[in-house]
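According to the working numbering, the first sequence holds residues 280 to 389 in order. Think of the CB as a built atom: it goes at the ideal place given N, C-alpha and C, for glycine as much as any other residue. Note that the structure is a prediction, hence the values are computed from the model and not measured.
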Amino acid sequence: MPDLTFYDLVYQVVRLIPKGRVTSYGAIANYLGTKGSSRMVGYAMQACGREQPPVPAHRVVNRQGLLTAKFHFGGDLMAEMLRSEGVAVKDDQVQDFKNVFWDPSVELAM
DNA sequence: CCCGTGACGACAT
DNA sequence: TATGTCGCCACGG
């Protein structure tokens, strides 16, 4: 039942994010072809909470590498999870962001 | 069918 | 450099 919505597309891409790497909403939106609708990506994540399998939304940050979603995870849970995967996080901001940045439009491109 | 919503991004000042 | 405003578009009610 290919009732796949824009959200499902986002989830697929997010689940492709390798451990220890992060990406931005804009990068995902760009990969999906809706670069102007980066908001839709974030909006999709809000509904990803009950998706199966769970979506590593904690690996998705904004363009600045800032853990904007941590507010939704509750506490510093997001930073802790990223840190657990080897991602350096400081003050809700990913250190060496460009170093751990994983761009689907590049990594999955061909 | 119309309106509001929203985990962002780029541009203007 | 920092802050403010607009645009983007899919989904739910």
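Of the listed residues the options, nearest to residue i (C-alpha basis)
i, options, result
"Phe376", "Val292, Phe352, Leu345, Met319", "Leu345"
"Gln343", "Val292, Leu295, Asp370, Ile296", "Asp370"
"Thr302", "Gln291, Gly365, Asn341", "Asn341"
"Gly305", "Gly299, Pro297, Val293", "Val293"
"Arg288", "Gly299, Thr313, Pro297, Lys298", "Looking at the sequence itself, residue 288 is Leu, so the reference to Arg does not match. The option with the nearest alpha carbon to Leu288 is Thr313."
"Leu283", "Asn309, Ser316, Glu330, Leu295", "Glu330"
"Asn378", "Val366, Ala388, Ser384", "Val366"
"Pro332", "Met319, Tyr290, Ala388, Gly315", "Tyr290"
Residue i vs residue j beta-carbon contact at 9 Å
i, j, result
"Gly353", "Val339", "no"
"Leu311", "Phe350", "no"
"Lys298", "Glu364", "yes"
Where residue i falls: helix, strand or coil (DSSP)
i, result
"Lys298", "coil"
"Val293", "helix"
"Leu345", "strand"
"Val320", "helix"
"Val340", "strand"
"Gln331", "coil"
Proximal residues to residue i (C-beta, below 6 Å), its chain only, five neighbours per side dropped
i, result
"Met324", "Ala336"
"Ser317", "Tyr304, Gly305, Ala308"
Beta-carbon proximity list for residue i, same chain, < 8 Å, skipping 5 on both sides
i, result
"Pro361", "Sequence check: residue 361 is Leu here, not Pro. Here the set comprises Val301, His337, Arg338, Leu346, Val368, Val373."
Close Cβ partners of residue i (< 7 Å) along its chain, the five nearest in sequence each way excluded
i, result
"Ile296", "Thr302, Pro335, Arg338, Trp381"
"Ala326", "Tyr286"
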